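One structure below.
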Amino acid sequence: MSTEEDRRDRPEEASPPDSEQSREDGSKPDRWETGELREQIAASWSALKPPLTYVLVTCSGLLIAFVLFRYRDVLFSPESVRTWIAIFAATGLLTLAGKAIFTFRPVNADPANVRYVIAFNCLTFVIVGNGLLIVACKSWAMPLILANACLLIGGFFGLLFGYPSGVAQTANKPRAATPSSGTPTSSAKPIDASVDTTPHQNQNLLAESASTLGKVLTGFTLAKASQVAEHFSQLCHALAPALSSDEKTNFIMAGVVIAYFLATGFLSGLLLPSYFMAGKFAAQ
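The UniProt record's numbering puts the first residue of the sequence shown at 1, with every later residue one more than the last.
Here's what the structure looks like:
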């Protein structure tokens, strides 16, 4: 009995530290396995991080100052200043557009929010195109007017082709009668034929008119493709002097501006209304 009481009163012997524990084969673990070396490396990095950051910031500042001083004539010329202004303005507008559009960050994985991505992409193409136009053309007032006019025309034709497929389907959907609570489905009252359906008829008429006009324009364009290409070339020659760029490249610039902004406007008018306005028309 005394032996058992002595064992109870005797304090438990502390186990040796990890560095003194031996493996099954009798060898002692190294400092990396015990974590001692990792702790020393972390402590050394924490001590070196502030001076390294200071050195990197100082070297970066000196390098930027040297580049600005060495190439000051090129970097601060009127053309370069306009380029920097266009870049910073485009970056600021894209940042503001992203913050204004992507307000659904907690649920941005929802497939229904793909319309916001499409809207941001359309704005990106418009802003980047205008910025490049300002940089490429010496006198950028008239090119901007031309570009945004093409954007508006393309948006009109995109809406013309996108309205029938997006809104007409919602306008043609019949409204099912909703039975009251506790009433079987078979006892639901049928839809009264005397209900005024004028808004839906107007939507169908507008959709049919837009669809017919779109088909006519498509058929005419395909039938007169050679003449359309010739007229497009003449239009580029007529608008080329207004771009005020190099005489050797202003014809190409005019064609690129017209094609780029017509395509951007067309895709914007084709996609955005079908994503953002279909529910509005269906609710009327």
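Quick reminder that beta carbons are idealized off the backbone N, C-alpha and C, glycines included. Treat the numbers as computed from the prediction; the structure is a model and nothing was measured.
The continuous stretches of alpha helix (DSSP H) do not include residue 103, and DSSP gives it neither H nor E.
Each residue's CA atom was taken as its position, placing residue 140 and residue 58 some 39 Å apart. In this model, residue 229 and residue 260 are separated by some 16 Å (Cα to Cα).
Judged by beta-carbon spacing, residue 127 lies within the 7 Å limit of residue 93, meaning their Cβ atoms are closer than that value. Sixteen is the threshold: when 16 or more other Cβ atoms of the shown chains lie within 10 Å of the Cβ of residue 266, as they do, the residue is buried. Taking the Cα positions, residue 159 is about 38 Å away from residue 81. In the three-state DSSP reduction, residue 246 falls in the coil class, being neither helix nor strand. Contact check for residue 264 and residue 154: beta-carbon distance about 7 Å, within the 8 Å limit, so the pair qualifies.
The three-state reading of DSSP puts residue 59 in helix, counting H, G and I together. Taking C-alpha positions only, residue 240 is separated from residue 79 by approximately 21 Å.
Residue 135 places its beta carbon less than 7 Å from that of residue 83. Taking the CA atoms as reference points, residue 222 sits about 59 Å from residue 61. A distance below 6 Å between beta-carbons, with the five flanking residues on each side excluded, links residue 123 to the following residues of its chain, in chain order: 97. In the structure shown, the three-state DSSP call for residue 49 is helix. Per the C-alpha coordinates, the member of 101, 77 and 253 positioned closest to residue 146 is 253. Counting the other Cβ atoms within 10 Å of the Cβ of residue 119 gives 16 or more, which makes it buried.
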